[in-house]
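Structure first, commentary second.
Residue numbers (my numbering): 7 to 543.
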């Protein structure tokens, strides 16, 4: 049985939005897009339906030792775009006066180019330039609809609207300037390796053969920061391969308070808690198009072959069109079948996810049932031992872990016995509960890092995703095999074996911690050695 949103059991209806409309920032000054401006679109197609392929859940229910993941070449034949679907789209595009770009059947993605006026007519939108806080971006006004020829084969069309769709889920701890020693200025904070020790990450096995993928939607890192940071920790500087996607690249802004903070935090947390692992950073623009392109590039990367991917970016599920959600989730299903684990930050704004409508919201893509959603705690330790660990909630000023119940994805089969509550919203929809796991995220007990030459302390669930990714890379190295999709066995067998530290105190607003799984800390924070033993059992 597939744990998909209702719309992803088949192609979206013709009236469904074909292109995402972002919601980050209010529109300012407007101007029409020139009719001759050439726009590049990404067309996401449905998986072929003429082959026998196990579902992600069927694979995810198997023990790690009995799993057999597909190669990327095999997946092209099983779940790639059907040649007839590619032909249908290219035939339509040619007849509409568009140019067909690169075709990636394995990723089910196709690039199209065309003048703005032609695309606006075909998809029924008005294209305008708007001045937003993030800069001047192209906005698609109106509900974009799929031309009749695309209704069957196409899941989503991305690229008409360029508004940012995601935000980095991190929080910086305010410190005096200059902060002096971080240990004195932020006495409850940690260097990431200390957290790995507290969370009992398994020792011994070399992770040199592991690659962790990092999805980044802006900013960049400075090699000088990495040399200084890892040198101070007496750890090897990780090999970071920059993978430009859809025009993105490693472009540091010079400000730790911007996306540089996210990028460098990801690298320094993953690199210091899985020392020796290779890191591949996929840089793409912060649009739905760029985000999907980066995720797909990482999952299907034949060169770097990351076995674990960390995503610290996201936005309220309610802001994402269903077609776009479907395209992302189908990519995550590819990851599950390939043996790639995807860890995603659950959000930093409590059960509202930063929305002001008075309702509970969860963050996407953490809401996908095919990713490991990572929530946040406040961890106090002394002498390497846990003194207390509760749900992170410093609202209204300092943020709080995301978590709750999806309004899009129904309750997965593997989560039915976990005690997931109905949504706190009217209607009480019974959907996918998140997070799945948690880890230290409170800025006051946060992570000491070096960004753009500045010593800083960051928190947020942004740090928890690479923290868990590093743990899973260490487990994979010790077991000598990829772990893949963990959610089904986490809920059905692993959780009962003490693989996490249960968090029973605190709340994220609408949802409270409890014994066992809950919608603000999941199953809890890592118990690394126990996790490895359970995975090996």
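We put the beta carbon where it would ideally sit given N, CA and C, even for glycine. Please read all numbers here as calculations on a predicted model, not as lab measurements.
Residue i lies in the beta strand (DSSP E); which residues open and close that run?
| i | result |
| --- | --- |
| residue 121 | 115–121 |
| residue 46 | 44–51 |
| residue 289 | 284–289 |
| residue 296 | Taken as a continuous stretch (DSSP letters only), residue 296 belongs to no beta strand (DSSP E), being part of the alpha helix (DSSP H) at 294–305. |
| residue 218 | 217–222 |
| residue 108 | 105–110 |
| residue 400 | Counting along the chain, residue 400 falls outside any beta strand (DSSP E), and DSSP gives it neither H nor E. |
| residue 350 | 347–351 |
| residue 437 | 437–440 |
| residue 250 | 246–250 |
Could you give the distance in angstroms between the alpha-carbon of residue i and the alpha-carbon of residue j?
| i | j | result |
| --- | --- | --- |
| residue 116 | residue 356 | 37 Å |
| residue 342 | residue 208 | 24 Å |
| residue 506 | residue 443 | 8 Å |
| residue 295 | residue 389 | 46 Å |
| residue 399 | residue 106 | 49 Å |
| residue 193 | residue 464 | 13 Å |
| residue 260 | residue 61 | 44 Å |
| residue 271 | residue 454 | 9 Å |
| residue 475 | residue 542 | 18 Å |
| residue 119 | residue 74 | 39 Å |
| residue 159 | residue 92 | 8 Å |
| residue 481 | residue 129 | 47 Å |
| residue 114 | residue 468 | 29 Å |
| residue 195 | residue 178 | 12 Å |
| residue 67 | residue 94 | 36 Å |
| residue 531 | residue 456 | 25 Å |
| residue 88 | residue 180 | 53 Å |
| residue 31 | residue 188 | Only weak support exists for where residue 31 lies, its pLDDT of 44 falling under 50; the value from the coordinates is given anyway. Between residue 31 and residue 188, the C-alpha separation is close to 34 Å. |
| residue 286 | residue 471 | 15 Å |
| residue 276 | residue 197 | 12 Å |
| residue 354 | residue 386 | 19 Å |
| residue 63 | residue 254 | 33 Å |
| residue 142 | residue 39 | 12 Å |
| residue 425 | residue 437 | 12 Å |
| residue 80 | residue 49 | 22 Å |
| residue 383 | residue 446 | 5 Å |
Under 8 Å Cβ to Cβ from residue i, same chain only, skipping five residues before and after it: list those, please.
| i | result |
| --- | --- |
| residue 323 | 331, 359, 367, 368, 369, 370, 373, 412, 413, 414 |
| residue 123 | 41, 42 |
| residue 233 | 243 |
| residue 78 | 112, 306, 308, 344 |
Contact defined as beta carbons within less than 8 Å: I believe residue i pairs with residue j. What is the distance between those atoms, to the nearest angstrom?
| i | j | result |
| --- | --- | --- |
| residue 165 | residue 46 | 6 Å |
| residue 397 | residue 349 | Wrong, their Cβ atoms sit about 19 Å apart, outside the cutoff. |
| residue 525 | residue 409 | 5 Å |
| residue 174 | residue 265 | 6 Å |
| residue 283 | residue 290 | Going by Cβ atoms, the distance from residue 283 to residue 290 rounds to 22 Å, so no, they are not a contact pair. |
| residue 220 | residue 288 | 7 Å |
| residue 329 | residue 126 | The pair is not a contact, with the Cβ atoms about 18 Å apart (cut-off 8 Å). |
| residue 226 | residue 258 | 4 Å |
| residue 292 | residue 247 | So it is not a contact: roughly 21 Å between Cβ atoms. |
| residue 478 | residue 347 | 5 Å |
| residue 418 | residue 375 | 5 Å |
| residue 191 | residue 182 | 6 Å |
Could you pull the DSSP bridge partners for residue i from this structure?
| i | result |
| --- | --- |
| residue 319 | 174 |
| residue 453 | 196, 464 |
| residue 412 | None; residue 412 has no bridge partner. |
| residue 379 | 350 |
| residue 135 | 37, 144 |
| residue 507 | 531 |
| residue 477 | Its beta-bridge partners do not exist; DSSP assigns none. |
Who are the near neighbours of residue i in its chain, counting only those whose CB is closer than 7 Å to its CB and skipping five residues on each side?
| i | result |
| --- | --- |
| residue 59 | 84, 85 |
| residue 131 | 146, 147, 148, 150, 166 |
| residue 584 | A question about residue 584 goes unanswered here, because the residues of the chain that appear run from 7 up to 543. |
Give me, in chain order, the residues of the same chain whose beta-carbon lies closer than 6 Å to that of residue i; leave out the 5 immediate sequence neighbours on both sides.
| i | result |
| --- | --- |
| residue 103 | 124 |
| residue 202 | 279 |
| residue 528 | 381, 441, 442, 443, 444 |
| residue 510 | 519, 521 |
| residue 540 | 500, 503, 505 |
| residue 235 | 274, 456 |
| residue 391 | none |
| residue 200 | none |
Quick one: give me the first and last residue of the alpha helix (DSSP H) that residue i is part of.
| i | result |
| --- | --- |
| residue 491 | Taken as a continuous stretch (DSSP letters only), residue 491 belongs to no alpha helix (DSSP H), as it is neither H nor E. |
| residue 541 | 534–541 |
| residue 274 | 265–279 |
| residue 98 | 89–101 |
| residue 343 | 328–344 |
| residue 63 | 62–66 |
| residue 445 | Careful: residue 445 lies outside any alpha helix (DSSP H), inside the beta strand (DSSP E) at 443–446. |
Would the C-beta of residue i count as close to the ligand SAM, meaning under 7 Å from any of its heavy atoms?
| i | result |
| --- | --- |
| residue 472 | Ligands in the displayed structure: none, and consequently the ligand SAM is not present. |
For a cutoff of 8 Å on Cβ pairs, would you count residue i as touching chain C?
| i | result |
| --- | --- |
| residue 431 | Judged by its chain identifiers, the structure shown contains no chain C, having just a single protein chain. |
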